[in-house]
Each structure stands twice: as C-alpha cells, then as structure tokens.
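If you want my numbering, it's the 1-based position in the sequence shown plus 3.
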Amino acid sequence: ASVTKVMTALVVLEDSKLKKGETGANITITDADIRSYEADLADMQSVVKVQAGEQLTLFQVLEGMLIPSGNNLAETAARWDAGSIDAFVAKMNKRAAELHLSHTKFADTSGASASSVSTPTDLTTLGMVAMLNEVFAQIVALGQANLPVAGTVYNVNGLLGQGGIIGIKTGSGLNTGANFLFAANVTVDSRTIVVYGCVMGQPTLQIAFATAQALIAAASPALHVRRVIARNQSVANYTTPWGEQSDLVSTVDVDLAEWPGMILRQHLDAKAIVIEKPVAPSTVEGTEHVVLGDYSFDVPLVTADQLYPPGRLWRLTRVSF
4 ASVTKVMTAL VVLEDSKLKK GETGANITIT DADIRSYEAD LADMQSVVKV
54 QAGEQLTLFQ VLEGMLIPSG NNLAETAARW DAGSIDAFVA KMNKRAAELH
104 LSHTKFADTS GASASSVSTP TDLTTLGMVA MLNEVFAQIV ALGQANLPVA
154 GTVYNVNGLL GQGGIIGIKT GSGLNTGANF LFAANVTVDS RTIVVYGCVM
204 GQPTLQIAFA TAQALIAAAS PALHVRRVIA RNQSVANYTT PWGEQSDLVS
254 TVDVDLAEWP GMILRQHLDA KAIVIEKPVA PSTVEGTEHV VLGDYSFDVP
304 LVTADQLYPP GRLWRLTRVS F
C-alpha cells in the first residue's frame, strides 16, 4: 500500500542530499507524468492534480507524495531520480536489502501494486530510518501543503498532532486493508522519546488509527529509560610495556529505552595501540559496540590521558622496539 512511498521518499532524499530549509531542484511535469496522473486517476488511485509544463520543486513533489499521498508524484520523483520507474524500483529493493528488510519487496513506487509487500517489523525499521532524515520528518509532520496546480492539499494522517503522533504514513488497498506506520512522542521516566510502530491489514483506516492509539497507550507504561554508558565512563584501559597508561572513556551519555526482559550486550573494539609519537588526550582509539534488542550502535572511545612513546634508554635495552 501507500506506505511504500516511505522508501520512495527515502531513496530520493538520500540521492538528492536535500537538506532542511532547501527546496531542491525544479522538476518540470512531462507528458509521461501526465500519463501517470491520468492512468492513476482512471484507476481510482490517490492522485495530486498536475499540468504539463508545471514546475514543482523537489520539496513540493515530496510534499504531494507524502501528505495527500499522490501516487502519480511518486512516479514523477522516481523518473526524475533514476530515469525510469524500473530503475528506481531496483534502487528501492537495493536499499531494502541494505536495511536487512528481509520480508520486503517493492514492485512499484507508490504501493498500488499487490506485488509490493512487507511486514510490520520491516516497515517499522524503515520508518525509523526515514525519520532520521530531517526533511522527511519535516514533511510528514505537516498538516497541509500548497502546490501550484493542485492548490491546498491535506495530510491523510488523521491522527497527526493527536496523542503525540508526529507522522508518518498511511496506506490502504483492496488486498492489504488499512495500514498505518506511525511515530509518536511519549513521556517515559520524565523524558520524551519517540515510539515507532506499524498496524497492517485493518478493515478501515479509522480502525487502524484506533489500534495504533491502543498500542501506544499500552507500550508507554512498559518502557523505561536506562543509562547504559555515562559520558567519561572508563570502558577499557591501555597499559604499555614501558609503563604508560590511559583509560578509554565514552564521549557521550548513552540512554536507551527498554522493555522488561531486553538483554543488553556490549563488545569492545580497540586495536593494540602503536605509539610512534605522543597520543593526545581525547584521541579516538576504539569503539564500544552496544546491542539492546534489535537496536545496535557504536560509542566512540577516547584516551583520557596523554600516552608517550618509550624513551631512548628503554628502546636500547629491548631490541624488538
């Protein structure tokens, strides 16, 4: 369904490197875009009205694709990015593989095809990645947008702004039912965190909305924020044969939201240090790999103290140095 457009937007944004505050390239609506609009309209798909020769910025194309869910503008974005729909869909599937979305396959750019398939788990992962892009997060948080020919278009996410909902995408189809990939701000241990989730296969969009609200309400009390690593916490220690030593310390506080029963795993990645010249404090010399549930990331580790190479006398008495 239309949740497919999350991947379409993500690929376009990553390729274009559009930044928040920029409007991006000017895109001219072509005859191919008009044919897509007319075909989608005749097929009773969700469309945004366009005219041949109309000029839209890349930002406006993304607005029209994500806010009122215009299938035709998803195709316009794909042709602009990759030259053809097929070439762009190949990019979408490549990105899905990179994100380890093993139960996801895209056959089109809008989700109108029944061959575009995914699961709630995969889509939740996709949504989390997409929301890291500031432009994507900005657009899906908009209640409406103004486009040159279509005029004012409104967000089909009826829950936007309610109960902490900040995005991201609805979708529906005869074969898929009503779907809702969502992100919501919730308060956990006096801190605001973002909860992501996905509801699929509901009879109506209103039921999908209600189910999402119930999930958020049930999840929030079960979550807790745990400080895994504190800034300047010693994680490891370097000691040289000639007596120099320094702790390796974390550069940041690491606070993670966790469910009861989640298992935290940590792994140190730091190579044996080779000191040819003095190593200054705050030099990155390793990472601590942290895994909590399905979430993983690396914390940079830096030297706490200066490390000096061995002195001349020490070298002279040890041939290997």
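C-beta atoms are modelled at their ideal positions from N, C-alpha and C, and glycine is treated no differently.
For the candidate residues the options, whose alpha-carbon lies nearest to that of residue i?
i	options	result
leucine 61	Ala77, Asp308, Ile232, Ser49	Ala77
isoleucine 171	Ala260, Ser19, Ser223, Gly146	Gly146
serine 253	Met265, Thr207, Asp272, Trp245	Asp272
alanine 100	Val14, Tyr298, Gly164	Val14
threonine 179	Ser116, Leu150, Arg194	Ser116
leucine 135	Lys23, Ser118, Pro284	Lys23
valine 53	Asp89, Arg38, Met47	Arg38
valine 255	Gly246, Gln236, Pro263, Ile266	Gln236
glutamine 165	Pro281, Asp36, Gln216, Met265	Gln216
asparagine 96	Pro224, Asp34, Thr112, Ala213	Thr112
asparagine 182	Thr107, Ala211, Asn74	Ala211
valine 198	Thr26, Ala260, Ala80	Ala260
alanine 80	Thr242, Thr286, Ala35	Ala35
lysine 274	Val152, Val287, Glu57, Pro263	Val287
threonine 1	Gly161, Leu316, Tyr157, Ser285	The chain is shown from 4 up to 324; residue 1 falls before or after that span and cannot be answered.
isoleucine 196	Gly176, Ala222, Gln205	Ala222
alanine 233	Gly167, Ala93, Leu304	Leu304
alanine 12	Ala220, Phe91, Arg315	Phe91
Going by the DSSP bridge assignment, what does residue i pair with across the sheet?
i	result
glycine 176	Gly180
glycine 289	Leu304
glutamate 261	His227
threonine 190	Thr195
histidine 270	His292
phenylalanine 139	Paired residue(s): none; phenylalanine 139 is not in a bridge.
leucine 310	Val282
glycine 170	Ala186
glutamine 54	For glutamine 54, which the question treats as bridged, DSSP gives no partner whatsoever.
valine 120	Lys108
In the DSSP assignment, the alpha helix (DSSP H) including residue i goes from what residue to what residue?
i	result
methionine 95	88-101
serine 19	8-19
arginine 82	74-85
leucine 61	61-69
isoleucine 210	208-222
leucine 316	315-319
threonine 31	Looking at the DSSP string, threonine 31 is not in any alpha helix (DSSP H); the run it does join, the beta strand (DSSP E), is 29-31.
glycine 154	Counting along the chain, glycine 154 falls outside any alpha helix (DSSP H), though it belongs to the beta strand (DSSP E) covering 154-157.
serine 39	34-45
leucine 126	123-134
Can you name, in chain order, every residue of its own chain whose Cβ lies under 7 Å from the Cβ of residue i, other than the five neighbours on each side?
i	result
valine 159	Pro71, Ser72, Thr173
isoleucine 169	Ala144, Ala186, Ala187, Asn188
leucine 126	Val6, Leu184, Cys201
leucine 102	Thr128, Leu129, Val132
methionine 265	Leu295, Gly296
arginine 194	Val228
glutamate 247	Leu310, Tyr311
asparagine 29	Gln58, Thr60
My assumption, with CB atoms under 8 Å, is that residue i sits in contact with residue j. Please give the rounded CB distance.
i	j	result
threonine 290	aspartate 301	4 Å
leucine 44	valine 50	5 Å
methionine 10	phenylalanine 109	6 Å
valine 191	valine 228	6 Å
methionine 68	lysine 8	6 Å
Excluding the five sequence neighbours on either side, which residues of its own chain have a C-beta within less than 6 Å of the C-beta of residue i, listed in chain order?
i	result
glutamate 66	Ile142, Ala148
glutamine 240	Reading the sequence as shown, one finds asparagine at residue 240 and not glutamine. For asparagine 240, where only same-chain residues beyond five positions count, the Cβ hits under 6 Å are Asp250.
arginine 98	Val14
arginine 230	Asp258
proline 123	Cys201, Met203
serine 119	Thr7, Phe109, Ala110, Asp111
Along the chain, where does the beta strand (DSSP E) containing residue i start, and where does it finish?
i	result
glutamine 147	147-150
glutamine 205	194-205
alanine 239	237-242
valine 302	298-306
leucine 251	248-253
Which same chain residues end up closer than 8 Å to residue i when comparing Cβ atoms and leaving out the 5 residues on each side of it in sequence?
i	result
glutamate 279	Pro312
serine 105	Asp125
glutamate 137	Lys22, Lys23
alanine 283	Thr306, Gln309
isoleucine 88	Glu78, Ala81, Arg82, Asp111, Thr112
glycine 314	Trp245
aspartate 46	Ala115
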